[in-house]
Structures are given as structure tokens and as C-alpha cells.
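In what follows, a structure is listed as C-alpha cells, so that the remarks can point back to it.
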């Protein structure tokens with residue numbers, strides 16, 4: 031991997047300056063059911079396409095930010111610092127990763 | 013022998029240089045390559061081939077083919093045809109037993125032919141199975157080319173150099189130079205990379221002599237320049253890599269004296285050499301046939317010319333003596349010659365473009381592959397785009413009917429047309445599979461001279477079109493590159509505390525803990541541990557992670573991150589905390605001191621410091637609480653003084669009232685120590701009365717020296733990590749990552765007091781609630797071995813329950829203080845009670861041990877509080 | 041008790057000597073030292089006249105203000121150390137250690153795998169600021185990179 035990731039503070043930098051922290055997930059609001067909890071903790075959508083994800087500019091400004099990246103091409107569509115959300119929920123996709131019924 | 017001076021020659025006849033070849037002196041002119049100088053000295057055989065050890069001579073004189081690989085000054089596989097001569101260099105032939113002209117391994121060519129087709133060792137060397145190690149040793153000794161110099165890493169220096177340009181042009185031909193100058197005119201930062209050997213005329217443009225190895229993501233183009241790897245980041249890459257002359261397939265096409273037109277032209281024009289006395293020329297386009305002019309200028313007699321555009325012969329057979337071409341038979345007519353210049357169409361050098369993501373199409377009218385649909389930021393100019401003019405499409409082979417003599421599809425790996433046919437017959441009918449089976453395109457030329465001819469052969473044998481066969485995936489590097497160039501200078505970051513050199517002065521044995529260098533011990537771990545129990549010991553704990561958490565919401569922030577409570581922690585007091593994930597897993601532990609209503613001082617494990625800072629910042633990137641987290645890990649040095657005389661020691665260094673009433677266990681105070689403003693934390697990881705002193709790093713040696721001087725008569729002793737590990741085990745203090753793993757939670761790790769369910773939501777709450785309600789299958793406990801057992805079980809050693817594996821040891825040490833082996837282990841929960849008997853697997857069998865649920869040493873913590 | 045004096049380099053007693061993490065390496069290179077403003081400072085290094093690019097320990101004159109407008113977190117001054125690299129070859133030296141674009145300084149980024157603030161002080165003159173625990177390591181890396189270019193350590197006269 032050698033793509034450039036545009037840090038919202040520092041501009042485009044080699045991806046090796048950053049730490050990748052996975053998809054942006056949504057933490058359940060309160061006392062989740064077992065299904066909601068395991069879905070939040072262990073399941074990821076793992077899309078082949080554009081996904082919203084966390085990055086940390088470890089060897090640079092040390093800011094956390096979010097990026098929209100195409101997982102197939104490593105094309106980075108946008109990066110931005112996380113916005114304060116009015117209702118405290120993390121910004122990001124709202125779909126749950128796991129369907130309601132087990133796909134047996 | 014040189015020709016009369018020519019106007020474009022590169023040699024400077026006034027400057028003579030000398031090098032040795034296999035021990036004999038060879039003279040050369042400045043501007044020569046080793047290859048041209050050797051040719052001038054009469055050398056014609058330059059290498060022995062990979063498998064059959066056939067003699068091979070110069071073919072391309074452009075650094076593409078494998079025929080001139082030699083060892084120069086100990087560096088193997090140097091292409092001497094493009095390597096500039098150096099005074100006193102030592103050049104040696106490689107891959108020979110004996111000499112280039114008499115190679116003992118050439119026997120494989122005579123007898124091995126029918127028995128050593130591709131993949132022969134998979135079939136013929138299978139039995140008996142036991143003999144494979146012998147076969148393997150033999151194969152390894154005869155396979156491969158030059159021998160690697162194992163000490164090269166110390167003898168040669170390789171650097172990487174990063175460059176940023178707006179436009180990078182790859183290829184210094186006419187179109188490349190034009191593209192570079194145009195970008196230059198726009199005021200861009202421009203560089204032009206060319207691998208030679210022709211000189212590049214581009215005044216004003218920065219030239220880099222080297223080979224572009226590929227185009228990586230983000231337009232990263234590494235350029236191999238010998239001892240330096242330039243890493244270009246370019247806004248735009250313009251590929252002007254030109255086109256590559258392609259050899260023809262006919263019996264004897266690898267004989268010494270069979271050359272490509274470009275190679276012949278370079279010998280004449282650059283180095284004023286006469287390529288041969290009598291030449292036959294076979295060409296498919298104007299450019300190839302124009303070599304006749306160079307040959308005539310050099311005084312070579314043109315014996316016969318075949319223009320493939322006019323008519324294609326059915327059969328071409330080159331025959332030789334001693335591996336050197338002597339005559340050529342074309343459709344029954346024999347021509348005596350010592351040079352056969354033969355080439356098909358020129359194939360655009362599209363590989364760098366394909367690597368970058370371009371689509372490659374087949375142009376049936378000219379029989380070549382051309383790039384299409386270039387990716388963003390990558391452009392192509394000149395011959396690489398397919399501008400190679402009109403050309404004939406040569407036949408796949410010119411074998412005719414006789415079928416005698418080897419006809420090579422790949423001279424790098426010695427793969428003949430028969431090998432390819434056999435691979436197809438065996439079912440390797442996709443070009444990607446066949447490539448891996450036959451290894452065509454996998455040798456030093458990386459397909460430059462064999463890809464197109466082998467596709468053509470494939471198409472004919474499978475009765476498919478070249479377009480359907482397609483190309484194999486192009487991958488970097490585009491040419492061979494030495495591992496040293498790729499590795500560059502090894503940089504392994506090491507962190508050192510500001511007291512590091514004092515430890516070295518004291519003879520400490522250093523060890524790695526994460527990126528830190530820390531003292532293992534100063535020679536006698538047992539003595540060091542005894543000093544802590546009996547007098548006072550000091551240990552450098554500067555490596556502890558240290559964070560300042562400050563702001564109106566600091567307490568609330570920590571309450572959300574930790575399962576512990578901090579709102580009720582009074583300023584000046586300290587509390588232990590276990591940091592967990594939302595899955596309830598332990599990620600780190602440490603102490604939290606409240607320095608003020610809105611200020612907390614948090615310590616973490618030495619190896620967890622960075623990840624804890626990142627973790628705090630991450631959660632606050634979502635929560636946006638009014639709190640500021642500052643890492644002060646490196647800013648502060650820290651020393652822990654512990655032992656019954658620790659108070660006496662500290663008293664001598666500070667004005668602070670250090671009495672047990674004024675500075676209680678788990679108190680935190682700011683004070684001057686040895687004249688340096690410090691934070692004094694009274695805590696005890698090692699189980700004795702102890703103080704942690706935190707102060708600015710630049711004073712590390714000053715404070716350390718002051719402590720050792722002030723405590724000399726108290727018997728103060730520095731102690732290292734090893735005695736610390738024994739001491740903490742006596743107190744049953746866990747080491748995160750040693751006694752816990754990524755599955756451990758605080759309840760099962762026997763620390764339920766650190767988890768407060770009667771407060772608001774915190775990270776890990778839901779998971780820990782489930783653990784609490786459902787129980788856990790195993791628990792972390794202490795254990796002591798039966799009397800008389802001196803050896804400690806291994807970390808990870810098995811706990812045996814009812815004859816079956818039931819748990820594992822995480823730490824175990826001999827404790828001189830307790831006179832027995834103690835440790836910690838994960839055991840089934842029903843065994844997690846004081847006195848339960850365990851069987852522990854050891855080297856010599858199974859030994860008895862007993863579970864202990866409370867610290868082995870000073871279980872009530874009286875000494876800590878004294 | 042929120043004074044946090046223990047994070048400050050001001051006001052230690054007169055006998056408390058501050059040391060840069062590179063002090064020992066300079067000592068091993070045969071440097072002469074002087075005490076200046078409470079710091080032990082290398083003033084001369086044998087052979088320094090021949091060194092270009094010159095590598096100079098400037099931890100004792102470092103100020104967090106040097107970091108100016110570079111975005112991102114900065115540790116307290118006590119946690120920082122600094123080197124100046126100057127003279128012919130300085131740019132080449134930096135190019136061999138960092139992928140930062142030296143035409144867009146100041147910046148903080150990876151240099152020899154470590155987080156470093158890179159500041160420009162002139163045409164062939166740079167200041168590198170980094171976390172002090174990497175001082176020893178970076179000194180070795182920078183001096184090693186300087187050697188083939190004809191550079192080496194110098195003192196602060």
C-alpha cells in the first residue's frame with residue numbers, strides 16, 4: 031500500500047503515517063440486546079465499495095478523522111474531522127451490520 | 013579492436029582504464045561499459061545459460077536480456093553491457109564450473125535435454141522420498157545465477173531518497189525529453205528517469221540515471237539508481253519507455269552471435285566496435301533493417317538480408333561451433349556468417365502502464381499489444397503508445413520440418429518451444445498457469461524478450477487468437493533489483509529514558525520492552541530484590557505512560573472510560589484502574605492521581621502508553637467532552653524508590669513532610685526533589701513502602717545521581733525489570749499482556765473491585781454485566797509450587813485437571829524471599845479458591861501446586877502502608 | 041494543587057544540570073562541554089570544521105514556539121529535543137530520511153519512522169524537533185546519513 035491519504039490537518043501524506051481503525055460503527059444508545067451488542071462488537075459490513083472509516087494520523091498531527099474510501103481501489107473520496115453530533119451518536123452509517131434473523 | 017573514431021561515440025580515447033576479468037587485466041576507455049570493453053578485448057561468450065549452461069553472448073546491449081550477467085566487485089548479476097567501467101574493478105564470470113569457455117556443467121545441454129524438461133524435478137526426483145534432501149542440495153548448488161555475498165550488507169551502503177515532483181518522465185528518448193521540457197516550460201517541478209545506455213540530451217531538466225521499477229499507488233515510482241533508491245511521488249507520471257525489439261524463434265536462436273538490431277547498433281555507434289565479419293539480417297520493420305547501415309559503416313560484410321514484410325521463410329536454422337554461430341540455413345540456402353541480426357516487431361514497453369492499471373489490447377494488424385485506457389495521473393508518449401510504425405507479424409516459430417536443435421522461447425530460464433508445447437499438452441492451457449509452470453517471463457528479463465513470442469506460440473498451439481490468450485498480469489519490479497536497494501538503510505526506532513546511560517555505566521544488561529530499552533538487571537537480580545525487601549531499591553520507571561487529563565469534564569470523562577469511579581476521588585489521592593474495551597476486555601492498567609478538581613494524572617503500562625493516548629483521543633473524538641488529554645510520557649522521567657528505608661532516603665532529598673501521616677499510602681504531592689520540581693506518588697507495585705518521583709526528563713541523570721548519593725549509606729541499590737517481576741509476583745500484581753490476553757476481563761482476572769456497576773454507562777459495561785450474570789469458565793489465580801521444587805514452570809505451561817489440559821501458567825518465578833516457586837495461572841473457576849490443589853506440567857513431569865487467592869507477600873499490605 | 045511545576049523546566053536549583061538526550065553521543069564524539077543556563081552544552085566537536093551538512097544539538101535553545109502553526113498535539117517542552125541540520129547536503133540528507141515534501145514546511149510527519157517536526161531555517165538549513173526519548177536514536181540516524189555526504193556533528197560555539 032502506498033496511496034496518499036489527505037489528512038484534514040496536514041494534507042496528503044503516505045498512508046504509512048496513519049493508523050487504520052476500521053469502519054465507523056454505531057454504539058448502541060442504552061442497554062442493548064445480546065444481538066445488538068454482538069452486532070456492534072463483532073460484526074462489520076466489510077463492503078467491497080465505499081466505506082466510512084476511522085483513521086488516526088499517528089506520525090503527524092495525531093488527530094482522529096473519518097474517511098470515505100473505496101475498498102476496491104483505495105480511492106479516498108473525502109476525509110473530515112468528526113463533527114460534534116447533537117445526540118451523541120457517532121456519525122456514520124446507520125444500517126446494522128447483521129440482519130435481524132440469523133442467516134442459517 | 014576499435015573502429016576509426018565515430019561522431020556519436022561515447023568513449024573518450026584519451027582516458028584509459030584497467031579492470032580485471034577472471035583475474036586477467038582488461039583495458040578500456042572512459043565511456044565504455046564492462047561489456048563493451050570485454051567485447052573490444054575479444055570476449056564473445058559472456059555467460060552460461062541458466063539450465064543447460066549453453067554459451068551466451070551479447071544480444072541487446074541495453075540491460076534487458078540475461079546474457080551478460082556477471083559478478084562485479086562481489087555484486088552478483090550485474091548487467092555488464094550497461095555497467096560503466098570503473099578503474100581496478102574485479103569482474104568475474106558466474107554460473108560456471110571451470111570457465112566461460114569450458115564449463116563442466118555444459119554436460120546438461122548434451123545429455124540433459126530430453127530428461128530435464130520444465131518441472132522435471134517434480135517428477136523425476138520424487139523417489140525415493142528420503143533422498144529429496146540430497147536432490148535438493150544438488151539442485152540448489154547448480155540452480156540460480158550469481159552467488160550472493162552474505163556480508164554485502166556491511167560492505168555496501170544503500171540509501172533511499174524521497175523526491176516530490178509535479179511531473180516525472182520515465183524514458184529519455186525523443187518523446188520523453190519533449191514531454192519533460194514542455195512540463196518544465198509550465199514551471200513545474202520535473203525529473204526525467206532514464207536507464208541508458210544512450211546519452212539523454214535534455215538541457216535544464218533534472219536527469220536521474222536509473223531504472224523505474226514500477227508505478228505504485230499514489231503515483232509512487234521507485235527508481236533503482238544502483239546504491240540509491242529514489243522514491244518519486246509525482247502528480248503526473250509520463251511513461252515514455254519506448255518499444256522493445258523482440259527475438260525470433262528458430263533453432264539455434266540463442267547461439268553466440270545471434271543479436272538484436274539495437275544491440276548491434278549500440279556496439280557500433282556508442283563504442284565503435286565491429287560486431288562481426290559476415291552478417292545475415294532478418295527484420296520485420298524499417299528500423300530493424302536499417303541496422304545494415306551501421307554494419308556497413310563498421311566494415312561488416314552483409315551476406316544476406318531477409319525482409320519479413322516481403323515474404324516469410326518457412327525455416328531458419330542457425331548452426332554453430334562451440335556455441336558460436338557459423339552458418340544460417342534459410343529455406344535450404346546456407347549462409348556462412350558469424351553474426352545473425354534477427355528481430356520481429358517492436359513491442360511497446362507497456363508494463364509500467366499495465367502495473368498502474370492501464371488496459372492492454374492486442375493489435376492484430378501489427379501483432380503487438382498496446383496500452384489503452386490509462387489511469388488518472390498516468391500518461392504515455394512515443395513508441396510505448398504503439399507508435400512503432402508498420403511491421404510484419406512474424407511466424408510463431410521458424411522451425412520448418414527438420415525440428416533439430418533447441419529453439420528457445422525464453423533465454424532467461426532456458427525454456428524451449430517444446431517445453432511450451434509439453435506444458436499445453438499437460439493441461440496448462442491458460443497463459444497465467446503456463447507462465448508459472450514453464451517460468452517463461454519469470455527470469456531476469458521479466459518478459460521483455462519472451463512475453464510476446466510465447467503468447468504467439470501459445471496462440472498457434474491452442475489454435476486461439478493472441479487477443480484471447482491475453483497477457484499475464486504485469487507486476488513491479490519491471491526489472492531485477494537487488495534486495496539491498498529495496499531494503500535501504502535499516503532504521504529501528506528505539507526509545508531510551510533520560511537515565512539510560514547511567515544504567516549502562518552501572519553495567520546493566522539491557523532488554524527490549526516494546527520500543528524501550530530497559531535494564532533487565534545490574535548483574536544479580538536476587539540481590540537487587542533483596543535490597544528492596546531489606547533496605548531500599550530504585551528502578552527507572554520513566555517508560556510508564558503518563559497522561560494529563562484536564563478540563564471541566566475530566567472526572568466525567570475518566571468515569572466513562574474506566575469501570576472504576578473517579579468522581580469521588582479527592583485531590584491529592586490516587587486510585588488503581590483497569591482500562592477495558594467495549595467488549596469488556598482488559599487493555600491496560602495503571603494509576604490515576606487527582607491533582608485538582610479538574611486535573612488528573614494517569615499512568616499506563618510502558619508498552620501501552622501510545623495506545624492508551626490514542627484510545628482516549630478516539631473516544632473523545634466522538635464524545636466531544638470538555639477535556640484535554642496531553643501525553644507527558646517523554647517529558648517526565650520517573651524513578652520508584654521502594655523498601656523499608658525509602659522514607660529515610662526521600663527525606664534527605666526534599667522539604668516535603670514525608671511522614672506516614674502527612675504522605676499516606678496512595679497520596680500524591682508536588683514537591684522539589686533534589687532541587688527539581690517533582691510529582692511524588694506514594695504507591696507500591698513491588699510490595700514495599702515506595703515512592704514514585706516524576707520530574708522533567710532533562711534532569712534524569714541529576715536526580716538519579718542524587719538518589720544514589722543520598723542513599724549510599726542506607727544501602728540503596730538500583731534494580732532492574734527481572735527483580736521487579738519477582739517482587740510484583742509476590743504481591744500478585746498482574747502484568748497486562750503477560751497474565752492477561754485479548755480475551756481477559758477484569759471480573760475473571762480476580763479484580764471485581766475495579767468494576768463499579770452502580771454508576772452510569774462506561775466503556776465495557778454491557779459486556780461486563782453479561783460476564784457478571786453468566787459467570788466465566790476460568791479465573792486468574794496465584795499458585796505456589798510444593799516445597800522443594802526449585803524450577804519454575806514455563807510461561808504458557810499446562811495446568812492439568814483430571815488428566816486433561818485445564819488451564820495455563822502465565823507467570824512463574826523462584827522467590828528467594830518466600831523460598832518457593834510462585835506464579836499466576838488461569839484455572840477452571842471451581843478451582844479458584846484458596847488451597848485448591850493443581851497439577852502443573854513441568855519439564856520432568858507433573859508437579860503439585862496450591863491455589864492462592866491473596867498476595868503471597870504481606871497479604872494485608874501492612875508494609876505498603878507503614 | 042494544580043500547579044504542575046513538575047512539567048516545567050524553569051526554577052530547578054542551581055546545581056541541577058539539564059541534559060539533552062544526545063549529550064552522551066556528543067561526549068563519545070569527543071565534544072567539549074560548557075554549562076549554559078543550567079544546560080550542559082556541547083560547544084566544540086573534533087573535526088567539526090570539515091562537516092557539511094553539520095548536525096547540531098539545539099535541545100537547550102528549543103522553544104515550543106518554534107512549532108508555530110504546525111497543527112497537532114505537542115508535548116511539553118521538557119519532552120522535546122532538537123537537531124539543526126545545515127550546510128550543503130542538508131536537503132539531500134533530509135530527503136534520505138523523510139518523505140515529507142520539503143517545499144511545504146513547517147510540517148510534522150514521519151522521519152526515520154519517528155514523528156518529527158521539520159522546520160526550515162534557510163536554503164540548506166533545517167531544524168528537526170522530536171520527542172526526547174528518540175534523541176539517541178535520531179542522533180545516530182542523522183549522523184549516519186550525514187557521513188556519506190561529508191557531514192557530521194558540530195557544537196554550539
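Protein chains in written order, with my numbering: chain S, 31 to 134; chain P, 13 to 878; chain W, 41 to 197. Built from N, CA and C at the ideal position, the CB exists for glycine as well.
What did DSSP end up calling residue i once you bin it into helix, strand or coil?
i: residue 444(P); result: helix
i: residue 83(P); result: strand
i: residue 62(P); result: coil
i: residue 636(P); result: coil
i: residue 88(P); result: strand
i: residue 309(P); result: helix
i: residue 83(S); result: strand
i: residue 466(P); result: helix
Assuming the contact rule is C-beta atoms closer than 8 Å, residue i and residue j should be a hit. Round their C-beta distance to whole Å, please.
i: residue 245(P); j: residue 234(P); result: About 11 Å; that fails the 8 Å criterion.
i: residue 514(P); j: residue 716(P); result: 5 Å
i: residue 732(P); j: residue 575(P); result: About 32 Å separates the two Cβ atoms, so there is no contact after all.
Just the Cα atoms here: how many angstroms apart are residue i and residue j?
i: residue 827(P); j: residue 760(P); result: 25 Å
i: residue 861(P); j: residue 740(P); result: 19 Å
i: residue 174(P); j: residue 88(S); result: 20 Å
i: residue 899(P); j: residue 33(S); result: Here chain P has residues from 13 to 878 only, and residue 899(P) is not among them.
i: residue 102(S); j: residue 478(P); result: 29 Å
i: residue 112(S); j: residue 94(S); result: 8 Å
i: residue 427(P); j: residue 127(W); result: 55 Å
i: residue 519(P); j: residue 745(P); result: 28 Å
i: residue 97(W); j: residue 84(W); result: 11 Å
i: residue 48(P); j: residue 269(P); result: 15 Å
i: residue 28(P); j: residue 208(P); result: 22 Å
i: residue 818(P); j: residue 840(P); result: 7 Å
i: residue 121(S); j: residue 94(P); result: Reliability fails at residue 121(S), whose pLDDT of 37 lies under 50, so the model's placement of it is uncertain and no value is given.
i: residue 875(P); j: residue 657(P); result: 11 Å
i: residue 39(P); j: residue 157(W); result: 52 Å
i: residue 544(P); j: residue 564(P); result: 40 Å
i: residue 323(P); j: residue 314(P); result: 19 Å
i: residue 621(P); j: residue 559(P); result: 9 Å
Which chain P residues are close to residue i, counting only those with a beta carbon under 9 Å from its beta carbon?
i: residue 166(W); result: Result: empty, since nearest Cβ-Cβ is about 14 Å, beyond 9 Å.
i: residue 119(W); result: 643, 644, 645, 646, 647, 648, 708 and 709
Residues of chain S with CB closer than 9 Å to the CB of residue i, please, in chain order.
i: residue 109(W); result: In chain order: nothing, as chain S lies at least about 11 Å away.
i: residue 630(P); result: 51, 84, 86 and 94
Please list the partners that residue i has in chain W, where partner means a Cβ-to-Cβ separation under 7 Å.
i: residue 43(S); result: 149
i: residue 171(P); result: 136
Using a Cβ cut-off of 9 Å, pull out every chain W residue sitting near residue i, in sequence order please.
i: residue 90(S); result: 111, 112, 147, 148, 149, 150 and 155
If the cut is a Cβ gap below 7 Å, which residues of chain P does residue i touch?
i: residue 57(W); result: 714
Could you name the residues of chain W that residue i contacts, counting a contact when the two beta carbons are closer than 8 Å?
i: residue 175(P); result: 135
List, in order along the chain, the chain S residues whose C-beta lies closer than 7 Å to that of residue i?
i: residue 139(W); result: 44
What does residue i reach in chain P if we use C-beta pairs closer than 8 Å?
i: residue 51(W); result: 689
Name, please, each residue of chain S whose Cβ falls closer than 8 Å to the Cβ of residue i.
i: residue 778(P); result: 58, 61, 62 and 67
* Do the region 246-258 of chain P and the region 391-407 of chain P touch if we need at least three Cβ pairs shorter than 8 Å? -> yes
* Is the region 451-463 of chain P close to the region 71-82 of chain P, with three or more CB pairs under 8 Å? -> yes
* Taking contact to mean at least 3 C-beta pairs separated by less than 8 Å, is the region 419-436 of chain P in contact with the region 445-453 of chain P? -> Yes, the region 419-436 of chain P is in contact with the region 445-453 of chain P.
* Asked: Three or more beta-carbon pairs under 8 Å between the region 265-283 of chain P and the region 13-22 of chain P, yes or no?
  -> yes
* **Meets three-Cβ-pair contact criterion under 8 Å: the region 669-686 of chain P and the region 605-613 of chain P** => yes
* To do: Determine contact between the region 494-511 of chain P and the region 169-187 of chain W, defined as no fewer than three beta-carbon pairs at a distance below 8 Å.
  => yes
* To do: Please determine if the region 130-138 of chain W and the region 106-120 of chain W are in contact, where contact requires at least 3 C-beta pairs separated by less than 8 Å.
  => No: fewer than three Cβ pairs fall under 8 Å.
* **Cβ contact check for the region 303-322 of chain P and the region 99-106 of chain P: 3 or more pairs under 8 Å** => The region 303-322 of chain P vs the region 99-106 of chain P: no contact.
* Asked: Does the region 114-127 of chain W come within contact of the region 713-730 of chain P, defined as at least 3 CB pairs closer than 8 Å?
  -> With the cut-off at 8 Å, the region 114-127 of chain W and the region 713-730 of chain P do not touch.
* Would you call the region 629-641 of chain P and the region 565-573 of chain P in contact, with 3 or more CB pairs under 8 Å? -> yes
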